[in-house]
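Asks: Sharing a structure with you now.
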Amino acid sequence: MQTWRQYIGGEWTGGRSTRSVVSPYKGCVVGEVAEGDAADMDRAIACAADAFAQTRALSSAQRHAILTAIRDGLAARKEEIARGITDESGKTIRDARTEVDRALLVFSLAADEARRIGGEVLPLDVNAASAGRIGLTRRFPAGPVGAITPFNFPLNLVAHKVAPAIAAGNPVVLKPAERTPLTALRLAEVIDATDWPKGAFNVVVAAAPELGERLATDERIRVLSFTGSAAVGWRLKERASRKRVTLELGGSAAAVVHSDTADLPDTLRRCVTGAFANAGQVCISAQRIFIHRPLFAEFAERFTAGAAALRLGDPGEEATDIGPMISAAAAERAEQWIGEAVNGGATALLRGRGDGTLLGPTLLTHTHPDMTVCREEAFAPLAVLEPYDDWEEALRRVNDSPYGLQAGVFTQDIGRIFEAFRTLEVGGVIANDVPQYRVDNMPYGGEKASGFGREGVRYAIEEMTELRLLALNLPTAA
Ligand code: ADP
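Here's what the structure looks like:
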């Protein structure tokens, strides 16, 4: 078994202690990794700060070439990296391969964008005193990026921070999730083999999550990009002072299925996948599904049958649909929420029993909006199905949440789609698909408690660059 080291200043370095990375399914150790302390974090930040002089000087052609080389390096190791994701996160191998494909796309989108970070020319001669003036804007790299990432997409959510940072010309210090550091270290191996300057990408495997707070408080880090739980994210933002901050947090995403949905089998298939993929451990998992009353009974029956047919088990097997949750504690927490809902009057159309980290799909109805299963992010194979009578009511119920990341609406009526677009307090309205739909170039982020700022390659580059103006006084040229 491999013993991994951290990657700081372009070198593989040990740490004070080591930690075992454990498969959530088998419970077996899949790797040993050196853990860093505050001194390692400090060194990584210093290396990133030093490397900025080199990264900001790279031409767009050089950044394009580096991003393309990273993409190709990942592609050459696709199956190994996918297996690694399955090993450390418990994600099914099919989903892990999809994740690697998405990361390849993120790096190639970033390679394209690296050549497009432009600006505009604007007339400044808008009053007499400014006669002959012309403005020119350009986006400049903001500086070292601190990236904190969660366990549920150990590669692609890292890619969504690292690729735009490189496209913009910013060094990175990455603190991956405790349970899934190995994928990030594989990415470091790939980046190490390119021309990205040494010290401009660092992976600190923090011995304690709180070490990540340095990325919020240290002034040498100019941009904090965090994906994880709302409680941690908003607290880091408070501590980040003048830093630029992007937060991608949770949600209790909703789908609305109207009786005029075009193709019911297709809608059902999308909703089943949208609720249970990655054992529901996705920020935009379809946790609340509102169904037009005339369709409710049929939808609930067929949805329950679809969910019950999902195959639970070994994530390394091709046929598995639902692998384990990240930890037994996470599965127990979900079962506790389900128990509370049932004790409070909810009906379980399907009740997934837990066995360690494995938890089968659960479907609840007759819930109340104040129940934890509706209000908080479940991050578990759990969905709530409820009927509604009219479209306005459905949209109101979607909005009855502290969160607002994405929402899906299934209807053939363009008027209803635009009403949803106007009304829903979410970062993205997905027409005729589930809230879980995401393609990696679209702006992605939440309203309300779900986040701050946007990812999606081009939008993340905007968050990681500073707009600067050159005001030209050229009375003779104008
Ligand atoms: P989840 O485990 O649901 O993904 P967390 O917010 O706990 O959500 O974890 C997301 C990332 O945030 C992980 O990398 C974790 O180590 C990190 N993290 C957790 N607590 C802190 C903290 N106090 N300061 C900085 N980072 C933290």
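Counted from 1, the sequence shown has number 880 at position 261 by our numbering; the numbering is strictly sequential.
Ideal placement from N, C-alpha and C gives every residue a C-beta, glycine not left out.
1. How big is the Cα-Cα spacing for A1038 and A668?
2. Could you give the distance in angstroms between the alpha-carbon of W956 and the alpha-carbon of F1029?
3. Please indicate yes or no: does the CB of G831 lie closer than 8 Å to some heavy atom of the ligand ADP?
4. Excluding the five sequence neighbours on either side, which residues of its own chain have a C-beta within less than 6 Å of the C-beta of L605, listed in chain order?
5. Tell me whether the beta-carbon of T865 lies closer than 9 Å to the beta-carbon of E1082.
6. So is the beta-carbon of P795 under 8 Å away from any non-hydrogen atom of the ligand ADP?
7. Can you tell me which residues form a DSSP beta bridge with A999?
8. Indicate, with yes or no, if the ligand ADP has a heavy atom lying under 8 Å from the CB of S848.
9. Using a 10 Å radius around the Cβ and a threshold of 16 neighbouring Cβ atoms, would you call Q625 buried or exposed?
10. Taking 8 Å as the cut-off, is the beta-carbon of P769 closer than that to any non-hydrogen atom of the ligand ADP?
11. Of all the options F1071, K697, V876, which has the alpha carbon lying nearest to the alpha carbon of L806?
12. Using DSSP bridges, identify the partner residues of A967.
13. Using CA coordinates, which residue listed in A924, E732, F820 is at the minimum distance from N1060?
14. E1044: which of V745, E1085, F918, D1019 sits nearest, CA to CA?
15. Helix, strand or coil for R734, going by three-state DSSP, please let me know.
16. Whether or not the region 928-937 and the region 972-981 are in contact is what I'm after, with contact meaning three or more pairs of Cβ atoms, one per stretch, closer than 8 Å; do they touch?
17. Which residues in the same chain have their Cβ closer than 8 Å to the Cβ of F727, if we skip the five residues on either side of it in sequence?
18. Report yes if the C-beta distance between G1027 and E867 is below 9 Å; otherwise report no.
19. Report yes if the C-beta distance between A1002 and G975 is below 9 Å; otherwise report no.
20. Can you look up V648 in the DSSP assignment and give me helix, strand or coil?
21. Going by alpha carbons, who is nearest to A905 out of Q673, V1048, G737?
22. Tell me Y1063's beta-bridge partners as DSSP assigns them.
23. Pair every Cβ in the region 889-898 with every Cβ in the region 984-991, then say whether three or more of these pairs are closer than 8 Å.
24. A873 lies in the beta strand (DSSP E); which residues open and close that run?
25. Cα-Cα, which of G754, R863, Q681, E707 is closest to G788?
26. Where does N771 sit, in a helix, a strand or coil, going by DSSP?
27. Nearest-angstrom Cα distance between L883 and P1000?
28. Grab the span of the beta strand (DSSP E) containing R1041 for me, first residue to last.
29. Roughly how many angstroms lie between the CA atoms of D811 and T939, to the nearest whole one?
30. So for N1092, helix, strand or coil by DSSP?
Replies: Looking at the atomic coordinates:
1. Here the question's residue 1038 lines up with position 419 in the sequence shown. Here the question's residue 668 lines up with position 49 in the sequence shown. Strictly speaking, residue 1038 in this sequence is Glu, with Ala absent from that position. E1038 and A668: Cα-Cα distance of roughly 47 Å.
2. Position 337 of the sequence shown, counted from the start, is the residue given in the question as residue 956. Position 410 of the sequence shown, counted from the start, is the residue given in the question as residue 1029. Using only the alpha carbons, I get a separation of about 28 Å.
3. The residue given as residue 831 occupies position 212 in the sequence shown. Yes, since a heavy atom of the ligand ADP falls inside the 8 Å radius drawn around the Cβ of G831.
4. No information on residue 605 is available, as it lies outside the stretch 620 to 1097 that the chain covers here.
5. Residue mapping note: residue 865 aligns to position 246 of the sequence shown, counting from 1. Residue mapping note: residue 1082 aligns to position 463 of the sequence shown, counting from 1. The answer is yes: Cβ separation under 9 Å.
6. The count along the sequence shown starts at 1 and reaches residue 795 at position 176. It does: the Cβ of P795 is within 8 Å (strictly closer) of some heavy atom of the ligand ADP.
7. The sequence position of residue 999 within the sequence shown is 380, counting from 1. None, per the DSSP bridge assignment.
8. Position 229 of the sequence shown, counted from the start, is the residue given in the question as residue 848. Yes, the beta carbon of S848 sits closer than 8 Å to at least one heavy atom of the ligand ADP.
9. For the purposes of this step, residue 625 is taken as the residue at position 6 of the sequence shown. Buried.
10. Reading the sequence shown from its first residue, position 150 is the one you call residue 769. In this structure, the C-beta of P769 approaches the ligand ADP to less than 8 Å from one of its heavy atoms.
11. On the sequence shown, position 187 is the one that residue 806 refers to. Considering only alpha carbons, the answer is K697.
12. The residue given as residue 967 occupies position 348 in the sequence shown. DSSP, once it has assigned bridges, lists L983 as partnering A967.
13. Here the question's residue 1060 lines up with position 441 in the sequence shown. The shortest C-alpha separation from N1060 is found at E732.
14. Your numbering for residue 1044 matches position 425 in the sequence shown. Nearest option by C-alpha distance: D1019.
15. Numbered from 1 along the sequence shown, position 115 holds the residue referred to as residue 734. Coil, per DSSP.
16. yes
17. As a working mapping, residue 727 is identified with position 108 in the sequence shown. Residue 727 is actually Ser in this sequence, not Phe. Excluding sequence neighbours, S727 sits near L686, T687, R690.
18. Here residue 1027 corresponds to residue number 408 of the sequence shown, with the count starting at 1. Here residue 867 corresponds to residue number 248 of the sequence shown, with the count starting at 1. Not a contact, by the Cβ cut-off of 9 Å.
19. Walking along the sequence shown from the start, residue 1002 turns up at place 383. Walking along the sequence shown from the start, residue 975 turns up at place 356. No, these two residues do not count as a Cβ contact at 9 Å.
20. For the purposes of this step, residue 648 is identified with residue 29 of the sequence shown, where counting begins at 1. Of the three classes helix, strand and coil, the one that applies to V648 here is strand, per DSSP.
21. Looking up residue 905 in the sequence shown gives position 286. The shortest C-alpha separation from A905 is found at V1048.
22. Taking the sequence shown and counting its residues from 1, the one referred to as residue 1063 is at position 444. Residue pairing for Y1063: DSSP places it in a beta bridge opposite E1074.
23. no
24. Position 254 of the sequence shown holds residue 873. Note, A873: beta strand (DSSP E), 873-876.
25. Translated into positions along the sequence shown, residue 788 becomes position 169. G788 has its Cα closest to that of Q681, out of G754, R863, Q681, E707.
26. Here residue 771 corresponds to residue number 152 of the sequence shown, with the count starting at 1. Coil.
27. Against the sequence shown, residue 883 aligns to sequence position 264. Against the sequence shown, residue 1000 aligns to sequence position 381. Going by the C-alpha atoms only, they are around 22 Å apart.
28. Here residue 1041 refers to the residue found at position 422 when the sequence shown is read from its first residue. Per DSSP, R1041 lies in no beta strand (DSSP E) segment; the continuous alpha helix (DSSP H) that holds it begins and ends at 1033-1042.
29. Against the sequence shown, residue 811 aligns to sequence position 192. Against the sequence shown, residue 939 aligns to sequence position 320. Going from the Cα of D811 to the Cα of T939 covers about 34 Å.
30. On the sequence shown, residue 1092 is found 473 positions in, with the first residue counted as 1. In the structure shown, N1092 sits in a strand (DSSP, three-state: E or B).
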